[in-house]
Each structure stands twice: as structure tokens, then as C-alpha cells.
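Undergrad: Here it is: the structure, laid out below.
Protein chains: 2
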Amino acid sequence: MIPTDHCAACSVREQAVCAALSEAERSELARIGTHRTLHRGEALVDAGDDNYACATLISGALKIAAIDADGTERIVALVHPAGFVGELFAPRAHHHVTALTDSLLCLFPRMDYERAVERYPRLATALLRRSTADLAETRALIDLIGRRTSLARVAGLILIFGRGASNTPCGVAARFDLPLTRGEMAALLGLTIETVSRQIGILERRGIIKRTGTRGMEVLDVPSLEEMVD
Amino acid sequence: MIPTDHCAACSVREQAVCAALSEAERSELARIGTHRTLHRGEALVDAGDDNYACATLISGALKIAAIDADGTERIVALVHPAGFVGELFAPRAHHHVTALTDSLLCLFPRMDYERAVERYPRLATALLRRSTADLAETRALIDLIGRRTSLARVAGLILIFGRGASNTPCGVAARFDLPLTRGEMAALLGLTIETVSRQIGILERRGIIKRTGTRGMEVLDVPSLEEMVD
DNA sequence: CGACACGTTGAGTTACGTCAATACCCGTGG
DNA sequence: CCACGGGTATTGACGTAACTCAACGTGTCG
């Protein structure tokens, strides 16, 4: 159970699905929730789990992934703060959910949360909004990895991260740190580590970006990046 | 406006989102809906539309797709009967929605439908259920497309269609017609027409499937197909 | 400082795309 | 009925982008 004053001080208070609730409703919801921290690499849900939790991400980042027979990981989505994770109404989890960086979660037993959805219509609409947006984002990801050169995929991913790191909506941050390792970028784009690394090298040689250290990224020429993607 | 007795006779009455509503609520909803037929290739929504409709698919099949700068189509989802289409709460449509075969729709003005969602909580939860399921399906598609070889992708797609054509849930139909042209399969899998055609040829030469005519498909060896996919 | 994970770079190979020719299916009209 | 034509599918030859394998850097933390 989460003390109500935690909600009042919550950093994603305005963006998360619970923002749609009244004070009283949120207090009710807080009663079934707990906080939990995950360290980088730690799993929240494994594929196949039949009684897993759902959660709002408060800080950090998560990945949603499948692991196939030969152990290869395929990332199918990233979760950012204020995002919601956990498949409601599904009997078993379809994917693994793992922390990309140390993360703080507002955790709910799935069954309790489903009941809350039935009880608070505004929670249902808020989740529907978010789910609809997630769906559009996932489809955009298909679009990106569907039928493009590795260079376009890497360019697109850099734009996605740059937009995420920007404070202006839709703008691209000039400098930021990549939140993923090369291996994770490869798992997300359907490429190999080496190919990702090479394409980043090409972009740098063309003067479009500049690497600073291994994760640092400076975007010098946004229009060129955008042109590569569409 | 749809006469209420149409709903009573509707073939997807039990599966569509409106099944969650009471008789009275459904009558209300029917008042803002209309029926429409789409012929193969006809568009329901174009990407960028700012005041588009949403709909429940009664019969036929739709594709949700993006078209990039050079005119290449990338299919990001298929819609089957009882499916819901149209992004609620989004200012503009992200994708094109087009009929794959002649289709019958139960059509609603988007704004009116959004109001209905706010008014009927059970509609919101039903849409949330469907949206959550769509999200899982879309992620499974990413998983398939991200897969390494073209052979595995084609095998996976044949399994998907085979399962869809089967009457037993999760079983694979022994014979069915592919609902997509080679070009559409290619647009969905991120391959070319030629590659799709070749991989189907390989599967046939290995005795795993048998082509009958251009769309007909006979699945001889389901385990082999499944093995290729995972 | 050394260990270890992560990242880069290179050489050789393979799978897929491109281009092009041919075959098939089906509706239309001679 | 067959001939024609357009859309669709198959097949082949060839080039190239991305993968594989392998060696070598680089950053980070004890």
C-alpha cells in the first residue's frame, strides 16, 4: 500500500493513467499499489507467467521483449516514465518485461487492477487512450523495421531517442545519451550489433552525428536524418 | 442510423465491442452508426485525415498500412470480422485503412463514438480489452518480422493464416486460401514479392506445404512449420 | 592496474533485392 | 469457343547489403 502523500509528490502524477482519477479514487487505487525498484537487467515479468503484476513506470526505462529458441532477444517495445505495463485481461504474459536502467515502479496485482478498471470508468478510458497510443507507436516501429536499409533504421532510432530526450515536444535534442546498448538497439531494429555500430560510424563520417564516448550522441544534422527515414 | 433489428441479426454480435453493452445502450449506439460496404481496394481512411470514422468490421478483411515517400506500402496490421478500426482520441489518422476483400462495416463518426465511450463505461472496457489484444498481436508481428530469415517469416505467416482459417482455436487448417496476394504478404513481412514466392516454393519442395492454384494452400507438415518459426 | 563488458573495425560469405523473362489466371470481346 | 490483355505469380542470373567470424579498442569498476 502506497501512502497517499506519495501520490501527491509523484513525478508522473499528471501524465500517468491515474491522473484521470479523482483524489478519492486515486487514494483507493493507492491502497492496492506498492512501490518497487528494479535494477538494470532485473525482470518484472517473464513470458508465460500466469499471475503477473501490472505497473506504472515512475522513473527509469523498461523493455518488452521475446526470447526465441536459440536465446536471441527481440525487443518489441520500450516503456518510458508514466507508461503503463502489463497486459490486462490476458491469461498469460506474452513477453518478458525487464529494466533497461534502474527503475521505480508503482506496482499493482493484476486482478485487483482489473477490478479497479471495472469500478472506475475514467481509469478505463485513460488506459484506452494510452493503449491506443501504444498501438500507434508499435505500428510505427513496424514501419521503421519493416522494409528499410539498416542505415535508415539506425537513423530513425536516433531520431526517436533524440525526440524523447528533447524538452520541446517533437523537437530533437542536440545532445543526449543513448539509453540502449548496441546489442539492445540491434535487438530492437532486427539487426546485428556490428551492423548497428557500422551505420553509426557512417552517420558520423558523413557529419550527421558525432559520438561522444560510447553512449553520448550529438545530432548535427537533423534534416538529413529525417530524410533518410522517410 | 442502423435499425435495431439489424443488430439483433448481426453476425459479429457476440464478438464485437458492442456485445458488452445492454440492449438499451446498443440501441443508442445504433442510432449514431451506419452500414457501409467497401469493395476490394477501396479506402476507408487515409493517413493524415483529421476527421475520420471508426468502425466495427462485420465481414471481409481490412489492412492498416503506411505508404512511404517512394510509394512502397507497408502493412502494419490486418483486421478481421468483429475487429475495431480507427484510432480514438488521436487528432489525425496515422495509417491508411483499405479493404482487402469486399467488406461490410458498421461505421461511426469518430467524435460521436468517443462521446459514447465516455458515456458507456462497458464500451470503454470492451475497447480496452480489444486494444490490449491488438497490441499483443502487433508485437507478435514485430517478433515475426524481426526474425532473421525470409523462410521463417513466410512459414510464420502461413501458420497465422492457417490458424485463422481453422475452426478449432489454435489448430491449423489443413487447406485454406491465402487472404493476401504475394505483394501484400511481402508488404506485411518486409520482403519482396519474389522472395515470398521463392520461400513458398522452397516449402513446397520440402513437402511441407502444397500450392493449389495461386492462393490455395495445403499444409502437410505443421510441426516443421512451427519449428522454423521458433 | 587489471578484468570484463561493451564497442569498433575488417575480411569473407550468404541471403535477399533487383532486373528481366516467362507463365498463369480470369474477365472481356471478337 | 478462342484470342487477347492485364494483373498476378514464378523462376533465373546477378549484384549488394547485411550477417558471421575474428581481432582489436575502449570505458568502467573493483
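Residue numbers (the working numbering), protein chains in the order written: chain A, 1280 to 1509; chain B, 1280 to 1509. Each residue gets a CB set at the ideal place from its N, CA and C atoms; glycine is no exception.
Helix, strand or coil: how does DSSP classify LYS1382 (chain B) here?
TA: Note that residue 1382 (chain B) is Ser in the sequence shown, not Lys. Here SER1382 (chain B) sits in strand by DSSP.
Undergrad: Going residue by residue through the segment 1378-1429 of chain B, where are the continuous alpha helix (DSSP H) segments of at least 4 residues, counting only ones entirely within it?
TA: DSSP runs (the alpha helix (DSSP H)) wholly in the segment 1378-1429 of chain B: 1389-1398 and 1400-1425.
Undergrad: For chain A, check one thing: does any of its Cβ atoms lie closer than 8 Å to the Cβ of PHE1368 (chain B)?
TA: Yes - at least one Cβ of chain A is within 8 Å of the one on PHE1368 (chain B).
Undergrad: Given this structure, state the Cα-to-Cα distance separating PHE1455 (chain A) from GLY1495 (chain A), to the nearest angstrom.
TA: Using only the alpha carbons, I get a separation of about 6 Å.
Undergrad: Just to confirm my understanding: we take ASP1500 (chain A), look at its own chain, exclude 5 residues before and 5 after, and list those with CB closer than 6 Å. What are they?
TA: Same-chain partners within the cutoff: ILE1487.
Undergrad: Which of the three DSSP states, helix, strand or coil, is assigned to VAL1501 (chain B)?
TA: Three-state DSSP puts VAL1501 (chain B) in a helix.
Undergrad: Looking only at its own chain, which residues have a Cβ that is under 6 Å from the Cβ of SER1306 (chain B), when we skip the five neighbours before and after it?
TA: THR1283, listed in sequence order.
Undergrad: Which same chain residues, not among the five before or five after SER1476 (chain A), have their C-beta less than 6 Å away from its C-beta?
TA: Closer than 6 Å at Cβ, skipping near neighbours: ARG1461.
Undergrad: Quick check: is the beta carbon of GLY1425 (chain A) nearer than 8 Å to any beta carbon in chain B?
TA: So, interface residue.
Undergrad: Closer than 8 Å by C-beta to THR1491 (chain B): which residues in its own chain qualify, once you throw out the five before and the five after it? Chain order, please.
TA: Closer than 8 Å at the Cβ level, and outside the excluded window around THR1491 (chain B), lie ARG1454 and GLU1497.
Undergrad: Here's a check: name, in chain order, each residue in its chain whose Cβ is nearer than 7 Å to the Cβ of PRO1370 (chain B), leaving out the five neighbours to either side.
TA: Excluding positions up to five away in sequence, the list reads ASP1329.
Undergrad: Determine, using beta carbons only, whether THR1404 (chain A) comes closer than 8 Å to chain B.
TA: It does; some Cβ of chain B falls within 8 Å.
Undergrad: What is the DSSP secondary structure of ALA1356 (chain B), reduced to helix, strand or coil?
TA: Here ALA1356 (chain B) sits in strand by DSSP.
Undergrad: Does DSSP put HIS1466 (chain A) in a helix, in a strand, or in coil?
TA: At residue 1466 (chain A) the sequence reads Ala, which differs from the His that was named. It is helical.
Undergrad: Which residue's Cα is closest to the Cα of ALA1340 (chain A): A:GLY1327, A:ALA1348 and A:ALA1356?
TA: Considering only alpha carbons, the answer is A:ALA1356.
Undergrad: Along chain A, in chain order, which residues have C-beta atoms closer than 9 Å to that of GLU1307 (chain B)?
TA: By Cβ distance, chain A contributes nothing, its closest Cβ being about 16 Å from GLU1307 (chain B), past 9 Å.
Undergrad: Enumerate in chain order the residues of its own chain whose CB-to-CB distance from ASP1391 (chain B) is below 6 Å, with the five nearest sequence positions on each side excluded.
TA: So the list reads ILE1311, once near-sequence residues are dropped.
Undergrad: In the DSSP assignment, the alpha helix (DSSP H) including ILE1472 (chain B) goes from what residue to what residue?
TA: Looking at the DSSP string, the run of the alpha helix (DSSP H) that includes ILE1472 (chain B) is 1472-1484.
Undergrad: So which of B:LEU1300, B:VAL1291 and B:ALA1309 has the shortest CA-CA distance to ILE1281 (chain B)?
TA: It is B:ALA1309.
Undergrad: 8 Å is my cut-off, CB to CB: does LEU1420 (chain B) come that close to chain A?
TA: Yes, because at least one Cβ of chain A sits closer than 8 Å to the Cβ of LEU1420 (chain B).
Undergrad: Rounded to the nearest angstrom, how far is the Cβ of PRO1360 (chain B) from that of ILE1337 (chain B), given a contact under 8 Å?
TA: At roughly 6 Å, the Cβ-Cβ gap stays under 8 Å, so PRO1360 (chain B) and ILE1337 (chain B) are in contact.
Undergrad: From VAL1291 (chain B) to THR1316 (chain B), what distance separates their C-alpha atoms?
TA: The straight-line gap from Cα to Cα measures roughly 16 Å.
Undergrad: If the cut is a Cβ gap below 8 Å, which residues of chain B does THR1417 (chain A) touch?
TA: In chain order: LEU1414, THR1417, ARG1418 and ILE1421.
Undergrad: Taking 8 Å as the cut-off, does the segment 1441-1452 of chain B touch the segment 1396-1405 of chain A (at least 3 CB pairs, one atom from each stretch)?
TA: The segment 1396-1405 of chain A, when compared against the segment 1441-1452 of chain B, does not touch it at the 8 Å Cβ threshold.
Undergrad: If you drop the 5 nearest sequence neighbours on each side, which residues of the same chain put their C-beta closer than 7 Å to that of GLU1416 (chain A)?
TA: There are no such residues.
Undergrad: Does GLY1441 (chain B) come out as helix, strand or coil in the three-state DSSP assignment?
TA: Here GLY1441 (chain B) sits in helix by DSSP.
Undergrad: Shorter than 8 Å from the beta carbon of ARG1389 (chain A) to some beta carbon of chain B?
TA: Not an interface residue.
Undergrad: Between which two residues does the beta strand (DSSP E) carrying ALA1332 (chain B) extend?
TA: Taken as a continuous stretch (DSSP letters only), the beta strand (DSSP E) holding ALA1332 (chain B) covers 1332-1338.
Undergrad: Just list the residues that DSSP pairs THR1316 (chain B) with in beta bridges.
TA: Looking at the DSSP assignment, THR1316 (chain B) forms a beta bridge with B:LEU1383.
Undergrad: Tell me, please, whether the CB atom of ALA1322 (chain A) is closer than 8 Å to any CB atom in chain B?
TA: No, its Cβ sits nowhere closer than 8 Å to a Cβ of chain B.
Undergrad: So which of B:ARG1426, B:GLN1478, B:LEU1406 and B:PHE1363 has the shortest CA-CA distance to ILE1346 (chain A)?
TA: When each option's Cα is compared against that of ILE1346 (chain A), the closest is B:ARG1426.
Undergrad: For PHE1368 (chain B), is the classification buried or exposed, using 16 other Cβ atoms within 10 angstroms of its Cβ as the cut-off for buried?
TA: By the 10 Å Cβ count, PHE1368 (chain B) comes out exposed.
Undergrad: For VAL1508 (chain A), I'd like the list of residues in its chain whose CB is within less than 7 Å of its CB, leaving aside the five on either flank, ordered along the chain.
TA: Taken in chain order, the residues that qualify are ALA1431, ALA1434, GLY1435 and LEU1438.
Undergrad: Three-state secondary structure (DSSP) at GLU1507 (chain A)?
TA: The question names Glu, but residue 1507 (chain A) is Met in the sequence shown. Residue state, collapsed to three classes: helix.
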